[in-house]
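So the number in the working numbering is just where the residue sits in the sequence shown, counting from 1, plus 461. The C-beta atom is built at its ideal place from N, Cα and C for all residues, glycine as well. Reviewing the structure listed below.
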Amino acid sequence: MLRRTFLQSATAAAMMSGVNFGGMAFAADAAEDALLAPWTGPFGGTPPFDKVTTPALKPALLKAMDLLRGEIGAVVAVGDPPTFENTILAMEKTGGALDRVQTLFGVFAGTMSDDAMKALETEMAPIGSAFQDEIVQNEALFARIKAVYDGMATAGLTVEQQQVVDSYYKRFTRRGALLGATEKVRLKDLNQQLAALYTKFGQNTLADEENLELVLTDADLDGLPENIKAAAAAGADAKGQKGQYIFGNTRSAMEAVMTYSTRRDLREKAWRLFTNRGDNPGANDNKPVIVEILKLRQERAALLGFASHAHWAVDNNMAKTPDTAMALMMKVWPAARARAVEEVKDMQAAADAAGDKITIEPWDYRYYAEKVRKAKYDVDENEVKPYLQLVKIREGMFWAVKTLYGTEFKEISGPAVYMPDVTVWEVTRDGKRVGLWYFDPYARKGKRSGAWMNSYRDQARIDGETTPVVSNNQNAVPAAPGAPVLLSWDDAVTMFHEFGHGMHGLLSNVTYPTVSGTSVKRDFVEFPSQIHERWLSTPEVISVFALHVETGAAMPTALFDKIKAARNFNEGFSTVEYLSAALYDMKIHLAAANGEMDPAAFEKSCMEELGMPKEIVMRHRPTQFGHIFGGDGYSAGYYVYLWADTLSADVWEVFAEKGPYDPATAKLFHDTIMSVGSSVPADEAFRNFRGRDVDTDALMRARGFA
Ligand SMILES: [Zn+2]
């Protein structure tokens, strides 16, 4: 999950998610008021996407901040001694208007961006950051929160209430609430500068993704699958370049060229375009941006009393220290690297056998991997794709969660959408509304790459029942008009992954918004999504929903068996690709404490030290590593996917033993993990399911590294 609006980058997301607006009246005459107002209509109200205009967003955001200032003023003005009710619960009820307009802003910035929207993001980033600091540095407010926190042991609070108090306290102290006045001013300044740099970083990457396309002609297409060609032709058509083929500089398009093109020069061209995003000379070069970010983060960490940004970032996670996270990564690295070296040998043998007379370079890897995959496992992506219709895979997801959790999905047409191909679904259980699910599956200009879940409204129960509204977003290549959309196996896995985040939001069953749904520790948040990936590969889903696009026949057992047999194929490559990036992330944030901040030089020395195979490159090179330089969210935290996968692998062993849809296991998983958000400490929630702490060997077994 990536939740990224201008205020949600670090700590304010949960705090801002108030749920009611206490009868505040809104004038109907200003366009911005429609963006602030409580959501109306059925389903507990839905986001007014049809009312959003870029010019209205700025005044709406500013007005919502003012409203929140007033609400916080009222909390602080209470004369009585601070209690959970008059301080923490009161804070939980603030910020509804800002939460609503932020949701709209986030959706438009992430999926409907244009020049005006980008300019607004740039303008609002430092304002949002300053506002966040203003709240955290509100001494009267913090004094009340601290008083509740200090008295927590004897106040008779429930575990959930203690989790909420702890969350508020950490949110404030991690942003400097305990600092003196001069330090606070400096901290505010650092956060504002960082917010502006994060925006710049993202925009530089996006510019290289949108401007540096690969334009091909008929003569260049050898090896490329029909659907990829058709999409590229449509892309050229849309730009008035009929007869040509335009491949955007995105992962799905460029990896398709690298996997299938028989032309080595084109594979190299695609690889260079893609891996050099943000690393090209000129206005969009992210290297100087990274140096600035590292410098400011180090200063901020020192100010807050941490040895490095990495120490600050991991302190609030399940891992607690960079050492613990590094230990897990380095436990996996040697086995992954050794496997990757073997895999490169297989690729070289394939190239030799074909008489290609080349030495494998990074741009050859995927092409020969596809050949080796075919030779060793006979799984041809083009044989698999016709069985993976987006619509059917979506039905398969619905079936899986219905069987596990009893939830049903029904498409509805009432709520406003921001693009006609976004669909909206009502989710019910036993006839009762659980929430709403929005699905935005296709790539388009102005939508950022990758896949993510977004919570439009968090589940809570502090003012009646507030049902959650979530969305899943992907970048599937749209089909030619009228043709069904086909997915790669990876895309189908991603759909189940994001749906796991979606269900984590939808199944939330807590009282306070701060601990709702996906508000869990960063190294826990990918656990529900990663484990949901595994339900795609169950025979129950494959035999019923992986249907051939033309014949309607189910995927043959032999083909599915091949996919399963191939599951650990290339596991060395993908683990090394990911883990090298995760190690770089942690190491450069540790090294910055010693003044090492040159992203390129450090990339080189870090990869040498790790013994990185030269045929593989980090999954995200530093200049395009939005997870860690596009915001604080995943910085010194890219390891969290591996950490979370140790949890998923260990839990999946129970499902594997009892059956993937075993009702008792599913119920226990729902009750201990999927529905509790962060109302229970992460390690305790895990123990409630597993009966013990996590066993990291399960991950080694799952990846075939045992
Ligand atoms: Zn995820």
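- Taking non-hydrogen atoms of ligand 1 into account, the C-beta of SER574 is found less than 6 Å away from none of them.
- ALA937: member of the beta strand (DSSP E) spanning 930 to 937, first to last residue.
- When the beta-carbon positions are compared, GLY505 and THR889 stay at least 7 Å from each other.
- The Cβ-Cβ distance between ALA1097 and MET1047 falls below 7 Å.
- When DSSP states are grouped into helix, strand and coil, ILE588 belongs to the helix group.
- Here SER1140 really is in contact with GLU621; their C-beta atoms are around 4 Å apart, less than 8 Å.
- Ranked by Cα distance from LEU639, the options LEU673, LEU602, ALA656 and GLY663 are led by LEU602.
- For GLY1138 and GLN623, the gap between their C-alpha atoms comes out near 14 Å.
- Within its own chain, the residues whose Cβ lies closer than 6 Å to the Cβ of PRO939, once the five positions on either side in sequence are excluded, are TYR903, listed in chain order.
- Its chain contains ASP807, MET808 and ALA811 as the residues whose beta carbon lies nearer than 7 Å to that of VAL833, once the 5 sequence neighbours on both sides are disregarded; these appear in chain order.
- The count of Cβ pairs closer than 8 Å, one atom from the segment 966 to 982 and one from the segment 919 to 927, reaches three, so the stretches are in contact.
- Boundaries for TRP913: no alpha helix (DSSP H) harbours it, while the beta strand (DSSP E) harbouring it runs 913 to 918, taken from the DSSP string.
- Boundaries of the alpha helix (DSSP H) harbouring ARG827: 823 to 833, taken from the DSSP string.
- Of ASP746, ALA693, ALA1159 and PHE592, the smallest CA-CA separation from GLY704 is found for ALA693.
- Nearest Cα to LYS756 within the set VAL597, LEU1051, VAL895 and GLY701: LEU1051.
- VAL954 sits away from LEU1020, with the two beta carbons spaced by 7 Å or more.
- Using a 10 angstroms sphere on the CB of MET719, the tally of other CB atoms reaches 16 or more, which defines it as buried.
- Counting the other CB atoms within 10 Å of its CB gives ARG983 a total of 16 or more, which places it among the buried residues.
- By the Cβ test, the segment 726 to 746 is in contact with the segment 704 to 716, since at least three Cβ pairs between them sit closer than 8 Å.
- Secondary structure of TYR903 (DSSP, three-state): strand.
- Residue state for THR548 is assigned as helix, using DSSP reduced to three classes.
- Three or more pairs of CB atoms, one per stretch, sit closer than 8 Å, so the segment 624 to 639 contacts the segment 603 to 613.
- Annotation for GLU644: GLY637 and LEU764 place their beta carbon closer than 8 Å to its own, counting only its chain and skipping 5 residues before and after.
- Secondary structure remark: continuous beta strand (DSSP E) runs of at least 3 residues inside the segment 978 to 1022: none found.
- Beta-bridge partners assigned by DSSP to LYS871: GLU887.
- Approximately 6 Å separates the beta-carbon atoms of LYS512 and LEU496; this is inside 8 Å, confirming the contact.
- Cβ-Cβ distances below 6 Å link ALA796 to PHE1166 in the same chain, with the five nearest sequence neighbours on each side left out; the list follows chain order.
- Counting every other CB atom within 10 Å of its CB across the protein chains shown gives SER874 a total below 16, marking it as exposed.
- If you check the C-beta of SER1035 against ligand 1, you find no heavy atom less than 6 Å away.
- Residue pairing of GLY896 in beta bridges, as defined by DSSP: VAL888.
- Within its own chain, the residues whose Cβ lies closer than 8 Å to the Cβ of VAL1005, once the five positions on either side in sequence are excluded, are GLY857, TRP860 and ALA1015, listed in chain order.
- Around the Cβ of ILE819, a 10 Å sphere holds fewer than 16 other Cβ atoms; the residue is exposed.
- Rounded to the nearest whole angstrom, the CA to CA distance from MET526 to ARG1082 is 36 Å.
- For GLY907 and TYR879, the gap between their C-alpha atoms comes out near 13 Å.
- The alpha carbon of GLY961 has as its nearest neighbour, out of ASN934, VAL981, GLU994 and VAL946, the alpha carbon of GLU994.
- Between ligand 1 and the CB of SER990, the shortest heavy atom gap is smaller than 6 Å.
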